[in-house]
Each structure stands twice: as structure tokens, then as C-alpha cells.
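Number of protein chains: 2
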Amino acid sequence: MTASPQLTSDRITPAPGLQANAAPPDSEQLKAMDAYWRACCYLAAGMIYLRENPLLREPLNLEHIKQRLLGHWGASPGLAFVYVHMNRIIKAHQQSAIFLAGPGHGAPGVLAPVYLEGTYSEIYPNKSEDAEGLRSFFKQFSFPGGIGSHCTPETPGSIHEGGELGYSISHAFGAALDNPDLLVTVVVGDGEAETGPLATSWHSSKFLNPIRDGAVLPVLHLNGYKINNPTLLSRIPHEELASLMRGYGWEPHFVEGDDPMTMHQTMATTLDACYAKIRSIQQQARDGGPLLNQAKRAIWPMIVLRSPKGWTGPKEVDGHKVEGFWRAHQVPLAGVRENPEHLAQLEAWLRSYKPEELFDAEGRLMPELKALAPTSTLRMSANPHANGGLLRRSLRMPDFNSYALDVPKPGVQRAGNTYPLGVFLRDIMAENMTNFRVFGPDENSSNKLQAIYAVSKKLWLEDYLPEDEDGGELSPDGRVMEMLSEHTLEGWLEGYLLTGRHGFFSTYEAFVHVIDSMFNQHAKWLSITQDIPWRAPISSLNLLITSTVWRQDHNGFTHQDPGFLDVVVNKDPDVIRIYLPPDVNTLLSTANHCLKSRDYVNVIVSDKQQHLQYLDMDAAVRHCTKGLGIWDWASNDEDEEPDLVMVGCGDIPTKEALAATALLRESFPELKIRFINVVDLLRLLPEREHPHGLSDRDFDGLFTKDRHVIFNFHGYPWLIHRLTYARTNHHNFHVRGYKEKGNINTPMELAINNEIDRYTLAIDAINRLPELQVKGAHVRERLRDQQIECRNHAYKFGIDLPEIDNWTWPF
Amino acid sequence: MTASPQLTSDRITPAPGLQANAAPPDSEQLKAMDAYWRACCYLAAGMIYLRENPLLREPLNLEHIKQRLLGHWGASPGLAFVYVHMNRIIKAHQQSAIFLAGPGHGAPGVLAPVYLEGTYSEIYPNKSEDAEGLRSFFKQFSFPGGIGSHCTPETPGSIHEGGELGYSISHAFGAALDNPDLLVTVVVGDGEAETGPLATSWHSSKFLNPIRDGAVLPVLHLNGYKINNPTLLSRIPHEELASLMRGYGWEPHFVEGDDPMTMHQTMATTLDACYAKIRSIQQQARDGGPLLNQAKRAIWPMIVLRSPKGWTGPKEVDGHKVEGFWRAHQVPLAGVRENPEHLAQLEAWLRSYKPEELFDAEGRLMPELKALAPTSTLRMSANPHANGGLLRRSLRMPDFNSYALDVPKPGVQRAGNTYPLGVFLRDIMAENMTNFRVFGPDENSSNKLQAIYAVSKKLWLEDYLPEDEDGGELSPDGRVMEMLSEHTLEGWLEGYLLTGRHGFFSTYEAFVHVIDSMFNQHAKWLSITQDIPWRAPISSLNLLITSTVWRQDHNGFTHQDPGFLDVVVNKDPDVIRIYLPPDVNTLLSTANHCLKSRDYVNVIVSDKQQHLQYLDMDAAVRHCTKGLGIWDWASNDEDEEPDLVMVGCGDIPTKEALAATALLRESFPELKIRFINVVDLLRLLPEREHPHGLSDRDFDGLFTKDRHVIFNFHGYPWLIHRLTYARTNHHNFHVRGYKEKGNINTPMELAINNEIDRYTLAIDAINRLPELQVKGAHVRERLRDQQIECRNHAYKFGIDLPEIDNWTWPF
């Protein structure tokens, strides 16, 4: 069955119309909500302080207090406040919703309502809904063997840890894409709001199609302070902040104050208004019929919630203002264990929430409060979208073999490596028009993946100009996401994957460093989830790194940086994979494998320019399955022990290593050279260090125990040493790679400067092999002359010698 | 002489008052400016295409065309337009100004006016102001051995390459800080404006003190397109964009159109208005007397320049719209070499600028045009602020010895390592109140550097609340820069250093990855400047990485990432330095050295918590001078060949390695252990690979040729292998470090999980030394028991055993 581009329309829910205008809560309801919120605040404080006496049924004493007080109180009450109010909306409208806490360090404010609505106990039965369960729930917080103080993967309902700040909104939008029925509530801390990634991610609403996508409701939480400082947005004039939000394309609604009951009233009214607005936008967009390609960007509502940091906590401690000040950031009464007054103040604070009114004799939340929360999968903590693997359907994949390039003879013809991948992606897109997207910062065409636009164009919801018709490839229903922000794209993609869908991201090699830190955090998330049985596996994050270091003729030195791989290899081996396919068919085979995989970050390095082709599809599949191997057609060691091993890893280094091999074989036909190509970089690691690692026996079989190995690598050469230092023959590994020797160069000149060129490699071999010392002298001279000629030609004409550009494998 | 905090007031120039309202240009002047601009556009196009016939004195033919057409035309005309108009302002007001091109890939539009005002020829005499010089100037562009197509360091007047997008505004603000007389014009591309770092950097104006700092005039250049896409900000409604800019705190002025003469008129009027506004803000702030601490944030003017991409270039090529569309991004007539029609079109285009009216017989710009540019150092390309090393004064440094901690016995007392550094920085600040600043994302107090606030507080120009008095440490004249954006801080610091000043940046270890990419770009800039004799050396970028991986009790796994060092070591060895001082005195000595150095990025890793102290100041200085060495007091090999070498690198790993040494010596008094500490990480590299690298002889002398070396490292362990793989004894190096085994842990539990703890190290030694195999068996058992006890205690009480926390060196 092939899906048509119109398929999505089947899944559009009509907006619920009148239902959006549910009655506002009366004062009884608000009082109950306040009680629910007090229960949340009580739990949030309790988990920071208490290891015993969880319901304060006894007078508080030191025995009840944790030995080490860890956690973040400041953002917690505000987070719980939003959560409780969202519960009312969910119940009133049977609305599917999830909750992202930008201030992940306010996890107590999220964990509390998650526990109170029962999900926590369902997943972790020993954290049951009773006094003993509560005690255990408190104790595990920020405690060895327990859970951290952010919304870590162990948190039901979380798809956003918030340990590193800046990505809450982009994660939220990633979750909302292609989920028309979903409402994603995202609380943005005013600290986080100062980061660059967050600042630009407000523009995400320009990429939300109100027909086929869900809604995102951001709540900018101005609690006023970071660790030690006021926040910028909390101290600018009201009108300036409103102008900023309107300028970003949002309709701001303000909820400001500190009196709980007044704030409940305002929040409820505001949330009703925002919800009605969201539904009205959707209704208006969807009621005209599902004309996806006529959708327009909407001005969505957002909320500015200004409430005190550490709201309802101690107002003052030791004469210092705490509530509503930065001193409420972590543990507001830090001296509880040493200072009896602090202990008394803590008890008074905890009792101010009146736990005896909130929990029954067993320690369960009072039934009338429990009734305020939604049930089953309407609970934000139990919504399957936040455990996206549950909803994940495998990609419908065409057979990648049918995109094969015919390669009758290795090393002769040229092709752009990424273009056929674009064709493959196009057809994958065609079969998965509701759960697959392609991401790239203004570069999918530049990266030669433009074939995809035949099936789905670039999403564009702003105004159109007539000239856009001429190759603009824009459409309101496009599924290719392009914005010049690697941060935002990566955030969208992560949010999309974490909610159970599939994606593919291509980006310039040098600038993938922009998201080093996001990669780190996602890899850490995946690593932790390996040990969380209830988290269903999600699709891998597939990252194509292209426009690589060796082809930067337009751009020069700033665009030369293959070091992302060095960042990647530091992460948990169970979740990282690195591939450097050298040609079209190996790239197709690799991409096919990656797109089917789960719970990894797959990094594929492939340049976008024209390159020599080596393997037909059968050979490519065999080669990629092994991950590395001898290319017999380029070797003449014929199952004997070779005199020299030549290795290529990466498209351009492979070509130069082959050319070096040819130069050597032409001059020294008796020399036995084994040629190895490496696609799966982590095969080089020992098997104990990575699931793909080769056994020492296999490694030695390939790379020999004692022959010189000239290893021509795509990236920084030291990385190969780092992967192979424990191997038998490591001391004979001579690695060439990029060494920051660049400026504005022709490709060959750049190769020569960094010593990955054919001449340097061949000369290196001659120098290292004793049997060539004498008879090789004149060859070496000739190769040096050729190298100089290459340089001179580049300097004179600005291009490489045609015979360099057009070189083919001669045998 | 000690400077007082008030010193800055001496340097404040009174605002020039009436001078700000110079007469608007008449139509003759505008015509001349247009001619000047046409000359710029002609040059910009010429450098992309021409290798001969630079003045079109002959009919254009293929011989005149470069073999490879490289470069970016699209942004060039707009950049030159702004440059030419700024020249008028500079001349009219004798205003010191510099120019930053956010779209660095529009370098032709900058190089052109730089050449026309004569600076280029002064610096590069063979690019003289005549036909032959012009030919050479054209040819070198995007040509091997020449210059790249961004505003690379070779560009006179550039402090911002623009190869990676996002940092133009933060660089501009860094340049303006403490330069009250300087006006920094910064063109922001609408592509760049989509990046996160740029999006938040608009807030920089909230950190500009109009009394002591200069002004920044951003020109948001809406040329409408990126490589293949429209830009977001060019397609949102006018009012929305105005609202965004007002929300960011700016006063937007719009210059929109495509008719050159109308645009000249509008731009001139607008620039006059903006300049008058800037001067009026400064006058108002400064005239009340230099009350730095009463300054307020101003609403500064900015310009939105909407002009066609590739303005004045080919309107249409092969039936496709080019001018005003993304097809103008790089080379608009790419088929010139193959297609005679393209060649004809190119000739018509170039002749449309009427070069014969612009250049005299010699090929020099006509004198009446030349007169439009300012002269000498008022030329933006020759302003010394853009070659900041020329203006750099050495820091006045107190003697760091006077901050020494008294350490009578190694390994016994405890102190916070970073606090005394804060005291040292405080006194440096006091003596350098106009050219030194300290940067940190809301973390200088968290990082225990708060002593500095006694001399200079955190800069804050927004509203104040009464509670800020209680430890807020805020002031309008503060010199400590805190904003929750590592990007913005790094950008400010780079701009500050590049204009000849000094700075110090402290940040959390895990989140320094946020600026990996900025580090890469700055290191590349420094690397290139090593070979540019006219660029005077600038101060090093000093980066203190603290709140490290091993002490994340509050924050857990997301905050554990020591991998920045792996990024750093990939860059040019001539510009990178890495230090891991283990205690207070080594940190002081290291910081003293770094603050005096030039043209490096110095990375210092030091945790902020309480740690054991090892060296008195004399020993610390000796140790840091060597960079690594044997700690005799912890060793018992007494100049003999040891049985085992134990190495610590980093504060916590050093403590654990010492404790392991003590455990071994207690159990096996006859075992000869050599204890080495490494401060200067790159000493481990061979001398041929880094200026600090040890000779093999020295290395072998320290680490032996054949003894087991247990190396306890702060970061990812593979990094040590990468640095030492070529050493004689490398196969005996057993490196321990962080391996991503973290969650919420006590410090000891985290150490055990990652095998850097004393027990693992000692057991490892026992296992490796044949002589301990038998007698060591029971010791090994005991150590394992102790390790288990540590874990159990952590799991039970949430804290480490007191004897672990309070361990001291026993001998």
C-alpha cells in the first residue's frame, strides 16, 4: 500500500467547537484546585527534605531529615501550578496533552502531580499511593540509586529533562508536529529564555500547520531569578515584553501576582481563553476541509506567568528574603540539620500546606482531590505521546536496492553520493506522510537531497511571492523543515522522535558542532533509557554530516572541522554509531540500516560533491554488513601477508589512498598491498568497548600483526589512534587526516597541506618499507615533483590539474 | 599606581552636541556616494570573475575570466551600501567607527571599500591602487594562496569573519564595551538572524552603559533569502518585525526599497537620525557628570535595511529571476566559461557600473570619489580598534604570590580552589578598571569567584528592586558580565579581546560544549593571525571550566561532560593550552600565567568545591613551570626506577590517585611508587606536535620505559591515549577517567562507577604487578570490601563515608 500525500487528512479531528467554551470554574472548584496544588507543593518540599515522617503525623525531628539536602525548590511551585490548571482543561475537554518543564531543575514540581495522579505508583509499585510509598518516593529523590533533580527519563510523562537549558520550545514543537489532536504545554523558565537556542525557538510557530499539527501552549514563567541574578525578561517593562512576544508572532496573555486564590482565578480564566483560541484557530483552519496546502501560520496564544520564585515557601530565612528572590533557587532552608530554628521553620512551612486535609489515613490523596486529575492516558504523565516508542510504527521502506547505482567497474565512474539518497528519502517520505520528516538548515538542496521535494516540499507558512514558484519548493504542507538554526532543527527532531516518529537531519560538517551539546544531552537520555524497561524504544536520530572538510572551495578554513566525531565517541557505546560510506551504494545501504534502527544516534559522514564510485549494490551491502573489509580489486596480496596495508576511511581519503596504492603498484608491481576500506568506524574499537568492536583476532587478521598500516582518515587523525591504541599492530599505524592546515585551497592543495594526498601517502610508504629504500629513491623524487606540480597548477590557475580531478582506478 | 574604580570617568568624551546634527547630503553628494558605491559593486563582482582586464579597458573575453568562479555576490552590494554611508557619518563627525559584517560571506562588499580607501594597498603593497594592483586584488580572491570569501583575518578592519553565523552582534558589543568614543556598525544578515546565538544577542543592549561604553548600531539586512530559502524575518508583517525589535529593546528605523538614489536619500536621512539619537543618548547620560553608577539602559536606534539580494546584479539569468532572489546567493552567472550569452551578460553587468567614470587612467579611484572616504585611522579598515593588539596595554597585575595559601604539609588541609582566584581577580580588576572584565553565565558566585564583587559588581542596567540590596551584587557600572547565554558571553569576550582588552570567563564544564563551535572559530582566527605580521597579538581567551563532572550532586548526569578538552586538542597547537591545576596555589600560578599570555585559548579546569591542598606557592610555581612532575613527598622510589608510576591529572583524580598510592604503600611498604601530577596537559604530547610537548627522553625519564603507569585523569580516558600513543611506554599506560557512568550519585559512588576511585586504582595495581599477585590477594579482598562499604553507605544515607570525605595524605 502506498500512502498518498493526502493521507494526513484522514487523521484530522474536527475541532470540538462549543466544547472549547466550557464553564469557568466556580470558587469551590478553585478551592479544590488550590488544595491539589498545596498537595503538590507539599510533596515538592517533602522530597527535598524528608526521609521519614512523610505525612508529618509526628512532630518533625532531625531523624526525619535527609542527611544531604539536594534539589531545586524555586521553580517547583510554579510548575505544579501550571500542571494543576492544565488538568482542569484536560478533564473539561477530554484533551490529549503532555507537559514539558523547561526548568527541569524544578522537577519536584512535576514529580508531585505525576505521583498524585497515580502514574508513578503504577510504574514504580514500591512508590505506592500510601504513607510508605510516599516515604519511599521522598527518599529516592536526589538520592543515590534514586532519581535526579531534573525531569530525567525516569519521570513518567517527561520527554524533556531540562538539565541543559534552551530546548524546551523546540522539543515541544517537535512533539506537536503531525499530532493534530495533541496539546503540548511547555513551561519556559525566564533563565532559559535568555539562551540563544530558546530565543530563536519562539519562531517555531511559523512552522506549525494548524490543520495537520497539534498545538503548543508556551507558559513563560517569570519567577524573576536565576541562581544568583534577576532575569532579563522579568525586569523589562510590561509593554516591552508584550511587544517581544507579539514580535515573535505570539498573542501574549498575562497572569501575574502572588495571592494564590486570585492567581487561580486568573489562570483558569486565561487558560480557558487560550484554549478557546487554540481550538478556534484549529477549527477555522480545519473546517474549510483539510486543505493542507492552504494552511497559514496562526498567531497562537501564549501565557506569561509572573509568580514568585519559591512561591509559598519560606518568606524570609535568617533575615534574608527568600520567597520571590534568588535565594529560593535550591534548598531554601539549608541549615535544617544544624539549626533548630531552621528545623522549626521547615516544619511550619510544611504544615502550612495542611497535609492532614490533603491525605487520608492511609496517606492517599483525598478522593475529592484525586477526582480533579484526569484518568488513564489523559493523565499527562501517562499520555503515550510522552513514551513515544509505544506509538511508533516502523517506517514503510521501499527496497533500497532499487536505488542502486550501476557500478560495473570499481573506481571509474563519478557520481554525487548524496543525490540518490535524496531519491530514496523521497520515496520513504511518500510512504510515510504522517510520521517522517526531513530536517536541514537551509541546506537540503545545497546538500543535493533536493529530489525529496518532488513528494514533499519545504514547509512555509509565511507570505508567498510570485518568484517562489521558480524552484522555491515551498508549501504550507511541506514535510521538509528548513530554518537557519541547527539548534531549533535538532530540538524539533528530538521532540519528533521522542513522541514516536522518524526523521533525518542533514547539516554541514563544521557547523554540526553548533549542536554538540544537544547531541550530548540526547545521547545521555538514550543511555539512561536503556535501563528503563517501561520506556519503549524510539527511532534513532539520523544525522547526515555533509559539505565536509575536504570540499570547502567557496568557504575556506571556517568550514573545515571534522571534529564532531570526537565528541560522539565519548558517549555511551550502546547508543552511538558512526559511518563513513565512501560512495553511493554504501551510503544507501547505510542509510537504510540507520532508518530502521532504534535508540541510537547514527552519524553518517558523506560529502555532497561528485566522487568516484566503487561498489555495486551487492558488494556495498556485503561491505557495509561487515563494516570494514579488504577491497580485493584494489589489493594484490592475494591472501598472503601483505607488505603494506593501505586504509581509506571516508570518501575523499579513500580515493587518495587508492590513488597512492595505484602509484605504488605502478612503480613496484611486486609490492603486495592490501587495501582496506572502513565504513563503520566503531568496528575499530575492541569488542569489549563497543557492540560493533572487532575481536583482536579479526582485527589482526585484517590489519596484520606487524606490517605498516597507512591509514587515510576523513577526520582528525588522532581519533584513529584513540580507537586502535590497544591493538597488536598499533605501533605500525600511520594515520593521516585533517590537521587544521587550511585556508582557501583547491581540493588537492588542501589534501597535500594535510598530508592525506596520494603523493604523501605513497612517499610515506616508500620511506617506511626497507625493501623500497634503494629502488624507491627515484620514484620518491618523481612523486615529489608531481606534488609540486599540483601545487603550482593550483596557485597559477586556481583549480586542480585535470588529471587529478579525473583520476580513476587504473587496474 | 593603583587605579580607582572611578578612573574610567577620565576617559569619557563629552558628547559633541550640535555636531551630531550635520547637514543632510544634497543630491550632488548623493550622486557621488552612488558612484562610490558603484565602484564597490564593480570591485565585488570583479573579484568573483576577473583575473585579467580589471578595468574592462578591453572587450571581455574568456581569457579574462577565472577558471573557477567562487565567492558570494548576494550580500555584497548591501554591505558596501552600509559601508559607504557610514563613511559619510565618519567624515561629518570625525567619528571613530568600525564595521562588522555579519554576512561574512559577502566579503566582496567589504573588501571593495577597504581597497578603495587605500588601506588594502598600504598593508599589501602589491595590491596597489592602480590597474595592476587591482588585477592582483581581483585574482587573489577565493584563490589558492590568496584570501577566502569571508571577512577573514587577512581583511583589514575585520574582527569578525562571519564564516559561522550568529555572533556578529555579540562581537560588536564586546568591541564597544569600555570604548566610549567608538561606534560599532554591525550588519546582521537575515539568515544569521534566525540562529539562536544571534536571536538572544539583541539583548546585549541591556548591558551597554551609555556613559563608559561606546555605541553599537545594528543594521538588520533583509535581503530576503538564504542559500535556497526565504528568510523568516523578511516575510513577516512589517508591524510584527517592528514589534520584535522594540520588544528586544531597540528603536527600529526602516530603509526599504531598490531604487538606488531613493535608497541613498533614505539611508542618509535615517543614518543621520540614528547617529543623532546615539549621540543624544550619550550626551544625556554623560552630561550629568560621569555618574557611572546611575546609568540606565537606553533604547538605542537600529536600522532595518530591506534591499534586494544581489542588488544591481543580473535581474534574470536563463529566464530565472536572480536579483532579489536566492539565486543571487553565490555566483549569479555561473556559466560564463561555457556560455557566450552569460559572458555577454556579465560584461553588460560589469559595464553597467561605468568603471570608466570611476577610475582614472592609472586605474585609481577618481579623486573626487576618493575624497568621500575618511583618511588615516578614521577609515574603518584602519581603525586600530580592529587590530586590537595595537591598543592593548598589559594588565597591571598584583603579585600572585601574595594570594598564596599557606600549605605547611601536602595533602592535609582543605580549601575551595576557586575562591582565592576570585580574590586575585578582584585585585586585578581594581588595577584595570577600563580594560578588564569577567564573564560568566549567572555563575560567578556559584563558581565561588564572588570576592570580585567587592571591587566591581555585576553589570545591571534594568530596574532595581529593594531586595537586590541583599547580596544582589548588581550595579550599573559593574564590570562582571552575567547573562544566561554562554554564546553571548563568549561573543562579548571575543569582541573585547579582539579590540585589545583582557578578560576571564568561567563556566560550567558540561555546558562549555554550548560554545564548542565558537571556540573552534576563535581558535581558527588566532591560528591564521599567527601568519599575518600586521596583526598585533591580542590577549588570550582565558576559560575557567568549573563545576566539573565529579561534583554534580545537585544536578546529575546531564551536568557530567568533560569532553570540551577533546574539542580543544583538535585545534592548531600554536594557539591552545590546557591546564588542570590540582589546588589553590597551582591554580593561582596558572591563572597568572594565562592572564599575561597572548594569542592563545587557555583552558583551565578546576572544581569549585573544597579540595585537598598539596603545594605551597614555591612548589606550585616550580611545578607549574615544569607543567608536570614527580611529587617527591608522595613517592618512595627515591631516584630509582619505580615498580609503579601513579599519575593524577585534575583535582579529584589526583586525590584518588594519592589515596590509592597510600593504600598500596600501607599494605606493601617495599613497593616503590612514583607519583606524578600533570598540570599542563599538552606536555604529554611529543615536542614535535606541540610547543609544550616533552621530548621522548624527558618523557621516558618520568614515565619510565617499561613500568606500569596508572593514569587517573579528569576527563574521558581515551584523550590520554591520544596524547601519548607514540611514547615508548605507552602500552603500559592504564588510563582511568570519566566513562559516562553517572546518574544521581555521591562523589565516591560516581568515582567508583567510573573506576577512578582509590580502590579500583589500587586493585588494578595489585593485579598488574606480578610481585603482588600472591601476597596481594588478601589486600585486594579488603579493598573490594571497603569499596562495597562505600557504595552501601551512599545508598543507605545518601552521603559518602566520613572517612572518605576527610581522607588526608597519611605520610
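Same order as they appear, the protein sequences are chains A and B.
One point on numbering: in the UniProt record's numbering, the residue at position 467 of the first sequence is 467, and numbering is uninterrupted.
One point on numbering: in the UniProt record's numbering, the residue at position 324 of the second sequence is 324, and numbering is uninterrupted.
Backbone N, C-alpha and C fix where the C-beta goes; we use that ideal spot for every residue, glycine too.
(request) Can you give me, in chain order, the residues of the region 638 to 650 of chain A that have a beta carbon less than 8 angstroms from any beta carbon in chain B? (result) none
(request) Go through the region 283 to 369 of chain A residue by residue and report every complete run of the beta strand (DSSP E) that reaches 3 residues or more, in order. (result) 300 to 306, all fully within the region 283 to 369 of chain A.
(request) Report the option in 277/B, 581/B, 239/B and 633/B whose CA atom is closest to the CA atom of residue 626/B. (result) By one-based count along the second sequence, residue 626/B stands at place 626. Per the Cα distances, 581/B.
(message) Would you call the region 726 to 746 of chain B in contact with the region 704 to 711 of chain B, where contact means no fewer than 3 C-beta pairs closer than 8 angstroms?
(response) In this structure the region 726 to 746 of chain B lies against the region 704 to 711 of chain B, because at least three pairs of beta carbons, one per stretch, are closer than 8 angstroms.
(request) Could you list the residues in the region 317 to 348 of chain A with a C-beta less than 7 angstroms from some C-beta on chain B, going in chain order? (result) When C-beta distances to chain B are compared with 7 angstroms, the residues of the region 317 to 348 of chain A below that value are 320, 321, 325 and 330, in chain order.
(message) Tell me which residues of the region 794 to 808 of chain A have at least one Cβ-Cβ distance to chain B shorter than 8 angstroms, keeping chain order.
(response) 794, 795, 797, 798 and 799
(message) Any beta carbon from chain A within less than 8 angstroms of residue 36/B's own beta carbon?
(response) On the second sequence, position 36 is the one that residue 36/B refers to. With 8 angstroms as the cut-off, residue 36/B does not count as an interface residue toward chain A.
(message) Looking at the strands, I want to know which residues DSSP matches up with residue 167/A.
(response) By 1-based counting over the first sequence, the position of residue 167/A is 167. In DSSP, residue 167/A forms no bridge with anything.
(request) Helix, strand or coil for residue 813/A, going by three-state DSSP, please let me know. (result) Here chain A comprises residues numbered 1 to 811, so residue 813/A is not present and cannot be evaluated.
(request) Mind checking who residue 415/B pairs with in its DSSP beta bridge? (result) Start at 1 with the first residue of the second sequence, and residue 415/B comes out as number 415. Per the DSSP secondary-structure output, residue 415/B pairs in a beta bridge with 611/B.
(message) Suppose contacts are defined by Cβ-Cβ distances below 8 angstroms. Is residue 664/B in contact with residue 762/B by that definition?
(response) Your numbering for residue 664/B matches position 664 in the second sequence. Your numbering for residue 762/B matches position 762 in the second sequence. Cβ atoms of residue 664/B and residue 762/B: closer than 8 angstroms.
(message) What does DSSP give as the partner residue(s) for residue 545/B in the beta ladder?
(response) Taking the first residue of the second sequence as 1, we reach residue 545/B at position 545. According to the DSSP secondary-structure assignment, residue 545/B is paired through a beta bridge with 507/B and 605/B.
(message) On the DSSP letters alone, give me the boundaries of the beta strand (DSSP E) that residue 668/B sits inside.
(response) Residue numbering aside, residue 668/B sits at position 668 when the second sequence is read from its first letter. Counting along the chain, residue 668/B falls outside any beta strand (DSSP E), and DSSP gives it neither H nor E.
(request) Could you check the C-alpha separation between residue 511/A and residue 343/A for me, to the nearest Å? (result) Reading the first sequence from its first residue, position 511 is the one you call residue 511/A. Reading the first sequence from its first residue, position 343 is the one you call residue 343/A. Each residue's Cα considered, the two are about 52 angstroms apart.
(request) Would you please state the rounded distance, in angstroms, between the beta carbons of residue 542/A and residue 594/A? I believe it to be under 8 angstroms. (result) Working through the first sequence from its first residue, we reach residue 542/A at position 542. Working through the first sequence from its first residue, we reach residue 594/A at position 594. Correct: roughly 5 angstroms between the Cβ atoms.
(message) So for residue 147/B, helix, strand or coil by DSSP?
(response) Start at 1 with the first residue of the second sequence, and residue 147/B comes out as number 147. DSSP places residue 147/B in strand when its eight states are reduced to three.
(message) Can you tell me where the alpha helix (DSSP H) holding residue 494/A begins and where it ends?
(response) Taking the first residue of the first sequence as 1, we reach residue 494/A at position 494. Note, residue 494/A: alpha helix (DSSP H), 486 to 498.
(message) At the level of alpha carbons, what is the spacing between residue 84/A and residue 373/A?
(response) Counting from 1 along the first sequence, the entry for residue 84/A is found at position 84. Counting from 1 along the first sequence, the entry for residue 373/A is found at position 373. Between residue 84/A and residue 373/A, the C-alpha separation is close to 8 angstroms.
(request) Return no unless some Cβ of chain A is closer than 8 angstroms to the Cβ of residue 241/B. (result) What you label residue 241/B is simply residue 241 of the second sequence in a count that begins at 1. For residue 241/B, the answer is yes, since a Cβ of chain A falls inside 8 angstroms of its Cβ.
(request) Using beta-carbon positions only, say whether residue 443/A and residue 506/A come within less than 8 angstroms of one another. (result) Position 443 of the first sequence, counting from 1, holds the residue named residue 443/A. Position 506 of the first sequence, counting from 1, holds the residue named residue 506/A. Result yes, Cβ atoms of residue 443/A and residue 506/A sit closer than 8 angstroms.
(message) Using a Cβ distance threshold of 8 angstroms, determine whether the region 346 to 358 of chain B contacts the region 464 to 482 of chain B, with at least three qualifying pairs required.
(response) no
(request) Report the residue from 643/A, 783/A and 723/A whose alpha carbon sits nearest the alpha carbon of residue 678/A. (result) In the first sequence, the residue the question calls residue 678/A occupies position 678. Closest by alpha carbon: 723/A.
(message) Between which two residues does the alpha helix (DSSP H) holding residue 223/A run?
(response) As a first step, residue 223/A is located in the first sequence; it is residue number 223 there, counting from the start. Going by DSSP, residue 223/A is part of no alpha helix (DSSP H) at all; its letter is neither H nor E.
(request) Give the residues of chain A in contact with residue 437/B, contact being defined as C-beta atoms less than 9 angstroms apart. (result) On the second sequence, residue 437/B is found 437 positions in, with the first residue counted as 1. Correct list: empty, because the minimum Cβ distance to chain A is about 16 angstroms.
(message) Can you pull the chain B neighbours of residue 722/A, defined as C-beta to C-beta under 7 angstroms?
(response) Numbered from its first residue, the first sequence carries residue 722/A at position 722. Near residue 722/A (Cβ distances below 7 angstroms), the residues of chain B are 718, 721 and 722.
(request) Can you give me the start and stop residues for the alpha helix (DSSP H) that residue 758/B sits inside? (result) Locating residue 758/B in the second sequence gives position 758, counting from the first residue. Residue 758/B -> alpha helix (DSSP H) spans 758 to 768.
(request) Rounded to whole angstroms, what's the CA-CA distance from residue 184/A to residue 478/A? Just pull it up for me. (result) As a first step, residue 184/A is located in the first sequence; it is residue number 184 there, counting from the start. As a first step, residue 478/A is located in the first sequence; it is residue number 478 there, counting from the start. One C-alpha to the other measures close to 21 angstroms.
(request) If I'm right that residue 101/A touches residue 162/A with Cβ under 8 angstroms, what's the distance once you round it to whole angstroms? (result) In the first sequence, counting from the first residue as 1, residue 101/A sits at position 101. In the first sequence, counting from the first residue as 1, residue 162/A sits at position 162. Between the beta-carbon of residue 101/A and that of residue 162/A there is about 6 angstroms, and that keeps the pair under the 8 angstroms contact cut.
(message) So, at 7 angstroms on beta carbons, what are the nonlocal neighbours of residue 680/A in its own chain, with the 5 sequence-adjacent residues on each side left out?
(response) Counted from its first residue, the first sequence places residue 680/A at position 680. Hits under 7 angstroms: 579, 627, 628 and 692.
(request) Out of 649/B, 81/B, 78/B and 154/B, point me to the one whose CA is closest to residue 526/B's CA. (result) In the second sequence, residue 526/B corresponds to position 526, counting from 1. Of the candidates 649/B, 81/B, 78/B and 154/B, the one whose C-alpha sits nearest the C-alpha of residue 526/B is 154/B.
(message) Could you check whether the Cβ of residue 66/A sits closer than 8 angstroms to any Cβ belonging to chain B?
(response) Position 66 of the first sequence, counted from the first residue, corresponds to residue 66/A. Residue 66/A counts as touching chain B.
(request) In angstroms with no decimal places, state the Cα-to-Cα distance between residue 653/A and residue 586/A. (result) On the first sequence, residue 653/A is found 653 positions in, with the first residue counted as 1. On the first sequence, residue 586/A is found 586 positions in, with the first residue counted as 1. Using only the alpha carbons, I get a separation of about 15 angstroms.
(message) Against chain A, with Cβ distances strictly below 8 angstroms, would residue 477/B count as a contact?
(response) On the second sequence, residue 477/B is found 477 positions in, with the first residue counted as 1. Judged by the 8 angstroms Cβ criterion, residue 477/B is not in contact with chain A.
(request) Consult DSSP for residue 646/A and reduce its assignment to one of helix, strand or coil. (result) Counting from 1 along the first sequence, the entry for residue 646/A is found at position 646. When secondary structure is reduced to three states using DSSP, residue 646/A falls in the strand class.
(message) Less than 6 angstroms between C-beta atoms, sequence neighbours within five positions excluded: which residues of the same chain meet that for residue 662/B?
(response) Numbered from 1 along the second sequence, position 662 holds the residue referred to as residue 662/B. The residues are 810.
(request) Whole angstroms is fine: what's the gap from residue 12/A's alpha carbon to residue 440/A's? (result) By 1-based counting over the first sequence, the position of residue 12/A is 12. By 1-based counting over the first sequence, the position of residue 440/A is 440. A caution first: residue 12/A carries a pLDDT of 39, below 50, which makes its placement in the model unreliable, though a value can still be read off. Answer to the nearest angstrom: the Cα atoms are 27 angstroms apart.
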